[in-house]
Structures are given as C-alpha cells and as structure tokens.
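A short write-up of the structure that comes next.
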Amino acid sequence: MLAVFGHLNPDTDAITAALVYARLLTRQGVDATAHRLGDLNFETAFVLSEAGVEAPALLPELPAGAAVALVDHNESAQSVPNLAELNVTRVVDHHKLGDLTTTQPPYLRFEPVGCTGTILLKLHREAGLSVEALEARLMLSAILSDTLHFRSPTTTQEDRDAVAFLAPVAGVEDVEAYAL
Ligand code: MN
Ligand code: MN
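Just so we're aligned, residue 429 is where the sequence shown starts under the numbering used here, counting upward by one.
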C-alpha cells in the first residue's frame, strides 16, 4: 500500500493532486490511496463538492519504512513529522527542492510550472491514459487555484494549455465563472 499525500495545511492542489495521482497509479497497477494532512479549506471543500468526490481520509500514523508518495511538496517541514523514517518512493512537485532524502532510489518528477495538476496531466499523456471528467475537473481546479487564474507570476504557458485542454473534458463551459 502506497500512501499519497500533499502538504500540511492543504490547499486545493495538495488535496486534488493526491486524489488524481493515487487514481493514476492505481490504473497503472500500484496499490495507492490518497490521504490528507489536515482539514480542507473552504475552496477545496467547494471543489470536491462540485466534483462529487469524497475528501481523502486523514493520513493515519505510519510505521517506519512505510511507502509514501509526496505531491505538491517535498520539504520535511511541510510533511508528516516522521517523514525521515518513511520510504519516499515518489515525489511529484512544482516547488524548489528542499531537504528531501530517501532510503531507496525514488521516482522524482519536478517541473517549474504553476501547479502539480499541470504535471499530472502530462503523466496521463505519457502513460497513454485517457483523462476522465472527474480527474479533469480536479486538475483544472488546482491549476486555477495555484495560478490565481493565471495571475500568479508562477503561471506558465503549460498551465494555460492544460486548462484549455481540461475544461471541455471536465464539462466546465465557462472557466472564468468557475474560477470565480
Ligand atoms: Mn500547495
Ligand atoms: Mn501546488
């Protein structure tokens, strides 16, 4: 069992990236489950409600050596207290590399884009997997949230292109209205 989770004080990207990455890994034959490290904020609760998806469960205390995948963070200060004892097998993130150390060779995917959701869309494409409406809505929401609807200086063309692709798949006709 691989526990997939985003950072403490989770934002929409931290929650939706855990959900989407766990589903992607499951489709690839990995026994993965999404978790969260804290309460949903108001925006994320809205996103999950609109998507009709349950919030991931709070991460239980994991024994030393348990396999974990980090999304939307990599620094220990933003993660579980006993991260150093865990087996970090995967990280998908768009932040600077911090103090991450691992006990095994990990799969790492870092890109300087505005949102983990943008990277997750690429992982679907690279794996040759279709993007379903639910995943599309979750990734779309995360990108709009992290980039402040493209107003953040961290926004890249890849984030814009991802939203343009995801909106019709998600059934979001008016991205402006949804972002508001
Ligand atoms: Mn985040
Ligand atoms: Mn993010």
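Cβ coordinates follow ideal geometry from the N, Cα and C atoms, glycine included.
- Closest by C-alpha distance to E489, out of L576, A450, L511, is L511.
- Taking C-beta atoms as the reference points, H501 and D521 count as a pair closer than 8 Å.
- Two segments are said to touch when three or more pairs of C-beta atoms, one from each, lie closer than 8 Å; by this definition the segment 433-449 touches the segment 569-588.
- Note on geometry: alpha-carbon atoms of S504 and H523 lie some 13 Å from one another.
- Taking 3 residues as the shortest admissible run, the segment 529-566 contains the following complete beta strand (DSSP E) segments, listed from N- to C-terminal end: 535-538.
- Counting other Cβ atoms within 10 Å of its Cβ, M567 reaches 16 or more and is therefore classed as buried.
- Using a cutoff of 7 Å, the CB of T531 does not count as near ligand 2, since none of the ligand's heavy atoms is closer than that.
- Scanning the segment 467-494 from its first residue to its last, the whole alpha helix (DSSP H) runs of 4-plus residues come out as 470-479.
- Judged by DSSP secondary structure, A450 falls outside any beta strand (DSSP E) and instead within the alpha helix (DSSP H) spanning 440-455.
- Inter-residue distance for D602 and V458 is about 35 Å (C-alpha atoms, whole angstroms).
- The Cβ atoms of L430 and L465 lie no closer than 8 Å to each other.
- Following the DSSP letters along the chain, one finds A598 inside the alpha helix (DSSP H) bounded by residues 585-598.
- Each of F538, E539, L514 was checked against the Cα of T531, and the nearest Cα belongs to L514.
- Distances taken from the Cβ of T544 to the heavy atoms of ligand 2 include one shorter than 7 Å.
- Taking the C-beta atoms as reference points, A462 is found nearer than 8 Å to P484.
- The DSSP-derived three-state label of L568 is helix.
- For the 8 Å CB-CB criterion, V541 and E586 form a contact.
- Residue range 603-607 is occupied by the alpha helix (DSSP H) that includes A605.
- No residue range can be given for F578, since it is assigned to no beta strand (DSSP E) and is classified by DSSP as neither H nor E.
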